[in-house]
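Chains as they are written, first to last, in our numbering: chain A, 154 to 875; chain B, 17 to 187.
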């Protein structure tokens, strides 16, 4: 697929885009951009611009540049009149554009869409904004700013021809490994080494000089032995652009190439105006050449034995000695991005280890032996394994926050387009769920939120008339409840129209029961049927009848369910319940005849041997038992799964009382085998497509290597209860 | 079959090679390239609600693999498993499946020119047979393994209906 470089670029850019979107939306809400926001947006756009240019995605980088300009203007001149909504639109449009391009890139395409229109619009907007605020629309901000800065500073400004780097500046190296290579040694011994000093001038008005300079560096890096350049911090230092514009971009390097070859290389530079290239005798003659010593220190700390091998240090003593900066991001490296498949692999391995542990500690060969020390060591192993498992599991857990915040954008766009007023309130967005869930929940949430705003929230006038607040509210909440994560989308709109839904259901012929027998919930659930829409007019957002069926299929694929409740005039609530089905669960294994079954432990409320006559039958032959004054149905596993040779007499077997939601039922097995951590493995597809409603959700390997089928109490519940 | 073309170069050494196994009185052959391994019969975990010929699942070094009794798959009388009974594990498009056969014999090379298509009979038996190979005087029925995965097998649903009645009783 994509190259690692591109992958990182996509990943980073996406993160920035997400950040940008959030800031922009937040700012709009507050009615203006705080200084911090402006800086953040500026920085994000600046970085995107830089990396996009590096990857040669000009459309993206120029667009980022034009947006950056707006924020540069806001930041520097602090104009009084700032149309936050319009600027937010610009930022969001740019974000959308880039996001599409990133998707394209991710899919293996090239980001080739033209951003011309957006850019032109952005430029015009900035111009108008400058005029509005009484500024000269053609003012070159960067220049103005740097002039100001240099006059404030020691006078050694960027506009003055300053061949010597400013002392406070830190050294910046490209490719830290290069100087450490034995290459420099060749300098003294072989005569093929050429030393060059080049100054590259870009065309007037080509813009983004710093990025283009970076391109030159990238290009040259491959062909030279050692390379230094001024200004040193091209992308980090804002004054760099100006320096390059005025004084050219200065490169100092040693290379095997001869003069003509170097010239040919540099001549290829895009937007090149003028090139000054001169060859000098040795690095000592260069105006700027950081010492080998400092490089060696950066490359290899405490490398005494290597030092003597270095060529004699010929330092340009007129230049101040500079301390190289530590590798970029060196101390801030507390986050690391890991590919998901690596995590999955790790998870699989931990799973295998859990099985292997059980195979060792519950090995049949150990039966009946006195193994005090072994047991002790085994307990220790078990504890560590447990912790390892938890940690691996935690690695995959991500807060719902990101997904939730995406909904802000949807509500904003829709209310704007539909002329409605609504706000989105997030509750419990820090709830953590498995990454898998987080990914699959995004689309369903989007559809439900859309639906809430489009169909639920009324127009402002209607709301006022109904005595409600003009501004509608959509509450998106998440919480962990037992083994499930519960996500609710609640709006205070008009609620679902039962009659209309029924009518449409009748028309579509999807009624499953006589109408009089349908419960409210069943009626509401029709909205999830494919092709179902009660809306007469198809809008941009909903009404086409596609979408809501995606909700159900997506959530079902996660093993969850969706419930809709609605109160006419008060709004509706959509509840999504998704089991936190983690791949490793604690399960109680039971035997039935020659088969083994495993029940997730958190569903078992108790297990006991029923007394004689405790289980009774109703006239239809269904069995039940009284437990704590409640009548619970009983199923016999051997009966359900047609297993021969199982214990048929309840008093000889064991009854597991399972609890799902608010109902309880008994499951009869032969014997308890014990509690074990089990790794859930899917039933092979070949088989799973043949079985649909058995209540088996997967299988697992027991300590002795045999296979146990995992019973999903929820499914069994659905089989038993209507 | 497109795969064959793509894999041609790699498959050269495996081309025209078949693993032969016995099933009742007949000798069958299966392309060696889909065979992963041959294991002895072992404990099979029964799974509910599947056709009779799917005997269940086995644990092959941590992988869970469904096993199919070939006698039953061809709608014949099932046979007692003996210590000659083998499970031939094959991999078709990344789906692993074990075929229970009476016993494996050898790996044979059957030249393309010695392979003939089966006669088109009304009885649908031949649909699992791609072609018939000749080895001297004897014949080998070459298995069309893709068909083993076909979903439109009626017997697949026969058992389902009986399962459903069980469930309805439970309800």
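We treat Cβ as the ideally placed atom computed from N, Cα and C, and that holds for glycine.
query, result
"Taking only runs of the beta strand (DSSP E) that begin and end inside the region 842 to 866 of chain A, which ones reach a length of at least 3 residues, in chain order?", "849 to 854, 860 to 864"
"Is there contact here, the region 841 to 859 of chain A with the region 806 to 823 of chain A, by at least three beta-carbon pairs under 8 Å?", "no"
"By Cβ distance, which residues of its chain are closer than 7 Å to residue 775 (chain A), with the 5 residues on each side in sequence left out?", "786"
"Helix, strand or coil, according to DSSP, for residue 794 (chain A) in the structure here?", "coil"
"Counting contacts by CB-CB distance shorter than 7 Å, is residue 837 (chain A) in contact with chain B?", "yes"
"Mapping DSSP to helix, strand and coil, what is residue 249 (chain A)?", "helix"
"With C-beta atoms as the reference, is residue 4 (chain B) less than 7 Å away from residue 51 (chain B)?", "Chain B is shown only over 17 to 187; residue 4 (chain B) falls outside these bounds and no answer can be derived."
"Going along chain A, which residues have a C-beta under 9 Å from residue 103 (chain B)?", "Going along chain A, no residue has its Cβ under 9 Å from residue 103 (chain B), so there is no contact; the nearest lies around 14 Å."
"Taking only beta-carbon positions, decide if residue 666 (chain A) is within less than 7 Å of chain B.", "no"
"Quick test of the definition: if touching needs 3 or more C-beta pairs under 8 Å, does the region 181 to 196 of chain A touch the region 227 to 241 of chain A?", "yes"
"Just to confirm, is the Cβ distance from residue 649 (chain A) to residue 544 (chain A) under 7 Å?", "no"
"Under 8 Å between beta-carbons, which chain B residues line up against residue 834 (chain A)? List them in chain order, please.", "80"
"For residue 68 (chain B), would you say it is in contact with chain A, using Cβ-to-Cβ distances shorter than 7 Å as the test?", "no"
"Does the beta-carbon distance from residue 721 (chain A) to residue 740 (chain A) come in below 7 Å?", "no"
"Between the alpha carbons of residue 638 (chain A) and residue 273 (chain A), how many angstroms are there, rounded?", "46 Å"
"Using the C-alpha atoms, what's the distance from residue 798 (chain A) back to residue 806 (chain A)?", "13 Å"
"Kindly say whether residue 486 (chain A), judged by its beta-carbon, lies nearer than 7 Å to any beta-carbon of chain B.", "Its pLDDT being 48, under 50, residue 486 (chain A) is placed unreliably in this model, and the value from its coordinates should be taken loosely. No, residue 486 (chain A) does not count as interfacial toward chain B."
"Thinking just about the alpha-carbon of each residue, which of A:582, A:595, A:644 is nearest to the one in residue 708 (chain A)?", "A:595"
"Using only alpha-carbon positions, find the residue among A:710, A:800, A:773, A:767 that is nearest to residue 782 (chain A).", "A:767"
"When burial is assigned at 16 or more other CB atoms within 10 Å of the CB, is residue 311 (chain A) buried or exposed?", "In this prediction, residue 311 (chain A) scores a pLDDT of 38, lower than 50, which makes its location untrustworthy; no coordinate-derived value is stated."
"Suppose contacts are defined by Cβ-Cβ distances below 7 Å. Is residue 550 (chain A) in contact with residue 582 (chain A) by that definition?", "no"
"Restricting to runs no shorter than 4 residues, where is the alpha helix (DSSP H) found entirely within the region 86 to 118 of chain B?", "86 to 89"
"Does any residue of chain A bring its CB to less than 7 Å from the CB of residue 57 (chain B)?", "no"
"Of the choices B:29, B:30, B:34, whose alpha-carbon is the least far from that of residue 147 (chain B)?", "B:34"
"Please tell me whether residue 245 (chain A) and residue 177 (chain A) are closer than 7 Å, where the distance is taken between their beta carbons.", "yes"
"Does any residue of chain B bring its CB to less than 7 Å from the CB of residue 502 (chain A)?", "no"
"Just the Cα atoms here: how many angstroms apart are residue 416 (chain A) and residue 355 (chain A)?", "15 Å"
"Which of the three DSSP states, helix, strand or coil, is assigned to residue 368 (chain A)?", "helix"
"If I measure Cβ to Cβ from residue 542 (chain A) and keep anything under 8 Å in the same chain, skipping five residues before and after, which residues do I get?", "503, 507, 737, 830"
"For residue 69 (chain B), does the three-state DSSP call read helix, strand or coil?", "coil"
"Let me make sure I understand the geometry here. Which of A:647, A:643, A:598 has the alpha-carbon closest to that of residue 619 (chain A)?", "A:647"
"Could you check which residue in A:788, A:378, A:575, A:579 has the C-alpha nearest to that of residue 556 (chain A)?", "A:579"
"Under 8 Å Cβ to Cβ from residue 433 (chain A), same chain only, skipping five residues before and after it: list those, please.", "348, 349, 350, 439"
"Establish whether the CB of residue 75 (chain B) and some CB of chain A are separated by less than 7 Å.", "yes"
"Check the Cβ-Cβ distances between residue 860 (chain A) and every residue of chain B, and say whether any is below 7 Å.", "yes"
"Kindly indicate the opening and closing residues of the beta strand (DSSP E) around residue 580 (chain A).", "575 to 580"
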